[in-house]
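For reference, the structure is listed below as structure tokens.
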Amino acid sequence: TNLTERSHFLTKITFTVDGSKTVDKTYENNEINSLNVHEIYMESLHYGGYLLILHRYNELNETFEDLYGYMFDSEAKLRGPWPFGNPIAKPALGRRYGILNNNTLTSLNQKPNDPIWIIESKPLNNFVELVPYKNPNILSTDPPNNDPKIPLRKASITIFFKNEIVLSNGNITIFQYQDSELVLKQSHPGLHPNCILGDDHKSVTIKMLDSNFNIPNTTYTVELSHEFFVNKLTRLAPIGLQAGYWNFTTGNKNKNLFESHVFIKGILCVLIILKYFSILKKKKEFKLDEYADSVDVVLGLTEKASTRFKNLTQEDKAAFLNQMSIDLTKTIPTEPTRFIPIQETQSHGGNNKLLISIKIRQRDDPFKLNGRMIIRDLNTLIKNKGITGISRFESTNMLDEEFGSIIRKSVSGSYKAEISFLAASFGILLCLTFYACCSKLGQQNSIFVAIKISLATLDYIFDVWFIATYSYDFYPIFAVSFLNFVFACKLVNATAAPGTGTLDKIIFTTLGLFIDTESFKLIKDWNAIVSNVDQRSYWSKYVFQDIPQLIIQILYFTFAIKYNAVIVISLTLNCLLIFHSTLIRKITI
């Protein structure tokens with residue numbers, strides 16, 4: 001071929017991910033060759049095609065150069081000059097133009113002998129169909145891009161592909177926009193069990209955690225890293241999906257309320273109006289926010305973190321809890337001022353693990369998460385911390401995923417049924433007590449003592465349950481209870497008559513630990529004579545066992561982070577038993 005010294009060729013080369021390349025087309029362009037060009041730039045356009053820019057020295061002004069721009073389609077075919085026209089004169093200061101993401105060409109211009117700079121923008125041609133996800137491999141998604149009202153706590157999202165794919169080790173990540181920042185909500189590889197490949201290998205459904213999409217009117221975005229999926233045929237990984245190209249927003253709480261037929265809308269409106277007026281009639285029962293009050297959340301530390309925490313100074317412990325509170329608000333997310341660490345810890349489960357507690361203040365906006373919702377989401381995030389933002393921070397990564405998070409129960413809110421039952425029992429007991437005190441009719445008074453025996457037996461069962469279950473959580477319980485047990489055994493055993501056999505002493509002592517010897521005699525004969533030994537045994541057991549036990553239970557109930565109904569029942573029974581024992585003593589004096 002006849003080639004000149006300044007011949008220029010256009011060559012289209014296709015590169016694949018594995019590094020191989022093919023030369024698709026090579027040809028000479030006479031129009032370009034006719035220019036005295038010293039620099040050539042080729043730009044790939046966002047919507048297909050290419051932009052070729054040629055730099056040529058200006059013949060009239062050496063400080064300027066002439067720029068020529070040419071548009072080529074995806075097949076490298078010349079489609080004409082760029083929208084600025086050819087040539088345009090620019091100062092010889094390098095490149096002064098750029099292509100924006102919306103396929104707009106922006107140029108910084110200055111005419112010769114003119115101090116004014118001008119910024120110009122021109123739209124470029126779209127040589128291929130618009131790609132909303134900036135990824136030609138993605139056909140569509142559920143929810144669609146920029147969906148303004150997806151359901152709250154949507155269970156899954158789906159991606160549909162143009163070609164058959166296979167899941168791989170790359171991550172899919174869900175972010176939440178929070179004050180112009182991205183908050184990690186969920187992230188795991190394509191091979192994770194949460195990712196389900198369709199039977200046709202052209203779709204993948206990703207299960208969402210309950211803690212995702214939990215706030216109304218909040219925008220989320222999805223990111224696909226390189227190698228989240230690969231082409232089934234070539235086993236090559238296409239490009240991923242950057243955060244910000246697949247966005248969607250949660251709707252309001254009642255977003256589906258008025259999306260049905262007009263007739264149904266009318267019925268719903270009437271029902272809402274009636275409900276509104278019925279609520280106004282019950283102002284005392286009406287609450288603007290069901291969970292407006294502050295709540296406390298109980299969290300567990302791993303064994304390693306618990307050991308580390310125990311070795312810290314009080315100042316370092318406070319700093320650690322403060323930092324954890326801040327980091328937790330970043331993963332929910334919510335305002336840092338809503339989380340207040342409680343400077344108390346508790347042993348848990350008979351091992352070296354510790355429990356900590358954080359107070360969550362009430363919300364000031366109905367679209368924010370209330371305390372119970374936050375605790376529920378925290379439980380999900382912690383139990384899945386390997387794929388959530390909990391593992392991003394050093395402090396929150398120390399949380400025990402087996403424990404999760406629970407609400408710190410309050411007696412009035414959590415044990416209404418138990419308290420009602422105990423109150424009724426106390427009322428019945430009080431009535432029988434007055435009956436026994438007033439009647440003084442021989443054997444009828446044994447009912448009063450029988451009540452005490454039943455009450456004491458039940459109290460004994462719950463005391464054993466209490467100590468066996470919670471002595472590891474609160475070590476003084478075990479030590480003091482053991483001393484009380486030994487001392488009570490000695491006192492009761494001393495009450496046994498001389499010459500009593502060993503087996504009889506064991507039985508007598510075991511029963512006497514929770515039923516005093518006076519009760520045995522009184523149930524047989526209300527007017528029985530009670531010896532000084534019996535009285536000494538009674539008062540000793542009363543002072544050295546029952547009252548300390550009551551104090552221990554009150555202390556545990558006051559300072560424990562985690563407890564259940566056993567504590568409430570055991571504490572109440574002990575109070576009733578002491579009250580009842582005192583009345584018996586008053587009657588027999």
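1 is the number of the first residue of the sequence shown in UniProt numbering; add one for each residue after it. Glycine included, C-beta positions come from ideal geometry on N, C-alpha and C. Keep in mind that this is a model prediction, so the values were computed, not measured.
Would you report the Cα separation of Leu152 and Asp179, rounded to the nearest angstrom?
Locating residue 152 in the sequence shown gives position 152, where the first residue counts as 1. Locating residue 179 in the sequence shown gives position 179, where the first residue counts as 1. One C-alpha to the other measures close to 20 Å.
Identify every residue that forms a DSSP beta bridge with Asn247.
Locating residue 247 in the sequence shown gives position 247, where the first residue counts as 1. Per DSSP, Thr221.
How would you call Arg338, buried or exposed, if buried means at least 16 neighbouring beta carbons within 10 angstroms?
Start at 1 with the first residue of the sequence shown, and residue 338 comes out as number 338. Arg338 should be labelled buried.
Apart from the five residues just before and just after Pro83, which ones in its own chain have a Cβ nearer than 6 Å to its Cβ?
Along the sequence shown, one-based indexing puts residue 83 at 83. Once the five neighbours on either side are set aside, the close Cβ partners of Pro83 are Lys122.
Please determine, among Leu60, Ser107, Asp147 and Ala237, the residue with the shortest C-alpha to C-alpha distance to Pro136.
The count along the sequence shown starts at 1 and reaches residue 136 at position 136. Per the Cα distances, Ala237.
Please classify Gln176: is it buried, with 16 or more other beta-carbons within 10 angstroms of its beta-carbon, or exposed?
In the sequence shown, counting from the first residue as 1, residue 176 sits at position 176. With 16 or more other Cβ atoms within 10 Å, it is buried.
Mark Met71 as exposed unless 16 or more other C-beta atoms lie within 10 angstroms of its C-beta, in which case mark it buried.
Sequence index remark: in the sequence shown, residue 71 carries index 71 (1-based). Flag for Met71 reads buried.
Smallest Cα separation from Pro81: which of Leu60, Leu105 and Glu335?
Here residue 81 refers to the residue found at position 81 when the sequence shown is read from its first residue. Per the Cα distances, Leu105.
If we count the other Cβ atoms within 10 Å of its Cβ and call it buried at 16 or more, is Glu315 buried or exposed?
Position 315 of the sequence shown, counted from the start, is the residue given in the question as residue 315. Per the 10 Å Cβ criterion, exposed.
How is Lys122 classed by DSSP in three states: helix, strand or coil?
Here residue 122 refers to the residue found at position 122 when the sequence shown is read from its first residue. Of the three classes helix, strand and coil, the one that applies to Lys122 here is strand, per DSSP.
DSSP beta-bridge partners for Ala89?
For the purposes of this step, residue 89 is identified with residue 89 of the sequence shown, where counting begins at 1. Beta-bridge pairing links Ala89 to Asp66.
For Ile174 and Ser74, what's the separation of their Cα atoms in angstroms?
Taking the first residue of the sequence shown as position 1, residue 174 is located at position 174. Taking the first residue of the sequence shown as position 1, residue 74 is located at position 74. Going from the Cα of Ile174 to the Cα of Ser74 covers about 33 Å.
Is it true that the CB of Thr302 sits closer than 8 Å to the CB of Ile390?
As a first step, residue 390 must be located in the sequence shown, where it is residue number 390. As a first step, residue 302 must be located in the sequence shown, where it is residue number 302. Going by C-beta atoms, Ile390 is not nearer than 8 Å to Thr302.
Around the C-beta of Tyr41, are 16 or more other C-beta atoms found within 10 angstroms, so that it is buried, or is it exposed?
Translated into the one-based positions of the sequence shown, residue 41 becomes position 41. Label assigned to Tyr41: exposed.
Leaving out five residues on either side along the sequence, give the residues of the same chain with a beta carbon under 6 Å from the beta carbon of Val166.
As a working mapping, residue 166 is identified with position 166 in the sequence shown. Taken in chain order, the residues that qualify are Val230 and Lys232.
Confirm, please, whether the CB-CB distance from Asp327 to Phe228 is below 8 Å.
Position 228 of the sequence shown, counted from the start, is the residue given in the question as residue 228. Position 327 of the sequence shown, counted from the start, is the residue given in the question as residue 327. Cβ distance not < 8 Å, so Phe228 and Asp327 don't count as in contact.
With a 10 Å radius around its C-beta and 16 neighbouring C-beta atoms as the bar for buried, classify Ala155 as buried or exposed.
Reading the sequence shown from its first residue, position 155 is the one you call residue 155. Classification for Ala155: exposed.
How close, in whole Å, do the beta carbons of Lys359 and Ile342 come, if the pair is a contact with beta carbons under 8 Å?
As a working mapping, residue 359 is identified with position 359 in the sequence shown. As a working mapping, residue 342 is identified with position 342 in the sequence shown. That pair is a contact at about 6 Å.
So who's on the other strand from residue 640, going by DSSP bridges?
It is not possible to answer for residue 640, since the shown part of the chain is limited to 1 through 589.
Assuming Gln323 is part of the alpha helix (DSSP H), what are its boundary residues?
By one-based count along the sequence shown, residue 323 stands at place 323. Here the alpha helix (DSSP H) through Gln323 covers Gln314 to Thr331.
Is it the case that the Cβ atoms of Ile382 and His188 are separated by a distance below 8 Å?
The count along the sequence shown starts at 1 and reaches residue 382 at position 382. The count along the sequence shown starts at 1 and reaches residue 188 at position 188. No.
Do you know whose CA, among Asp296, Ser294, Met324 and Val297, lies nearest Ala305's CA?
Here residue 305 refers to the residue found at position 305 when the sequence shown is read from its first residue. Here the closest residue by C-alpha is Met324.
Report the residue from Phe160, Ser225 and His46 whose alpha carbon sits nearest the alpha carbon of Asp199.
For the purposes of this step, residue 199 is taken as the residue at position 199 of the sequence shown. Looking at the Cα atoms, Phe160 is the closest of the given residues.
Please confirm if Glu335 has its CB atom under 8 Å from at least one CB of chain D.
Absence of chain D from the displayed structure is noted, only one protein chain being present.
Using a Cβ-Cβ cut-off of 6 Å (strictly less than) and excluding sequence neighbours within five positions of Pro333, which residues of its own chain qualify?
Walking along the sequence shown from the start, residue 333 turns up at place 333. The answer, listed in chain order, is Gln178 and Val183.
Could you check the C-alpha separation between Asp363 and Ile196 for me, to the nearest Å?
Taking the first residue of the sequence shown as 1, we reach residue 363 at position 363. Taking the first residue of the sequence shown as 1, we reach residue 196 at position 196. Reading off the sequence shown, one finds Arg at residue 363, where the question assumed Asp. C-alpha separation (whole angstroms): 37 Å.
If you drop the 5 nearest sequence neighbours on each side, which residues of the same chain put their C-beta closer than 7 Å to that of Asn101?
Translated into the one-based positions of the sequence shown, residue 101 becomes position 101. If we look at Asn101 and ignore the five residues flanking it on each side, its Cβ neighbours are His46.
In the structure shown, what three-state DSSP assignment does Ile529 receive?
Indexing the sequence shown from 1 puts residue 529 at position 529. Any reading at Ile529 needs caution, since the residue's pLDDT is 48, under 50, leaving its predicted position unreliable; the model's value is listed next. DSSP places Ile529 in coil when its eight states are reduced to three.
Along the beta strand (DSSP E) that carries Phe228, what are the first and last residues, could you check?
In the sequence shown, the residue the question calls residue 228 occupies position 228. That residue, Phe228, is in no beta strand (DSSP E); it is neither H nor E in DSSP.
Got a sec, what are the start and stop residues for the beta strand (DSSP E) Lys149 sits in?
Within the sequence shown, numbered from 1, the residue matching residue 149 stands at position 149. Lys149 -> beta strand (DSSP E) spans Asp147 to Ile150.
Strictly by DSSP, which residues pair up with Gly80?
Counted from its first residue, the sequence shown places residue 80 at position 80. The partner list for Gly80 (beta bridge, DSSP) reads Met71.
CB Ser211 to CB Val297, shorter than 8 Å?
For the purposes of this step, residue 211 is taken as residue 211 along the sequence shown, with counting starting at 1. For the purposes of this step, residue 297 is taken as residue 297 along the sequence shown, with counting starting at 1. No, the pair does not count as a contact, with Cβ atoms beyond the cut-off.
Just confirm the distance between the C-beta atoms of Leu51 and Ile99, as a whole number of angstroms; I'd bet it's less than 8 Å.
The sequence position of residue 51 within the sequence shown is 51, counting from 1. The sequence position of residue 99 within the sequence shown is 99, counting from 1. About 7 Å separates the two Cβ atoms, so the contact holds.
Nearest-angstrom Cα distance between Asn379 and Ile118?
In the sequence shown, residue 379 corresponds to position 379, counting from 1. In the sequence shown, residue 118 corresponds to position 118, counting from 1. Approximately 57 Å between the Cα atoms of the pair.
For Glu120 and Gly48, I'd like the C-alpha separation in whole angstroms.
Here residue 120 is taken as the residue at index 120 of the sequence shown, counted from 1. Here residue 48 is taken as the residue at index 48 of the sequence shown, counted from 1. Rounded to the nearest angstrom, the two C-alpha atoms are 22 Å apart.
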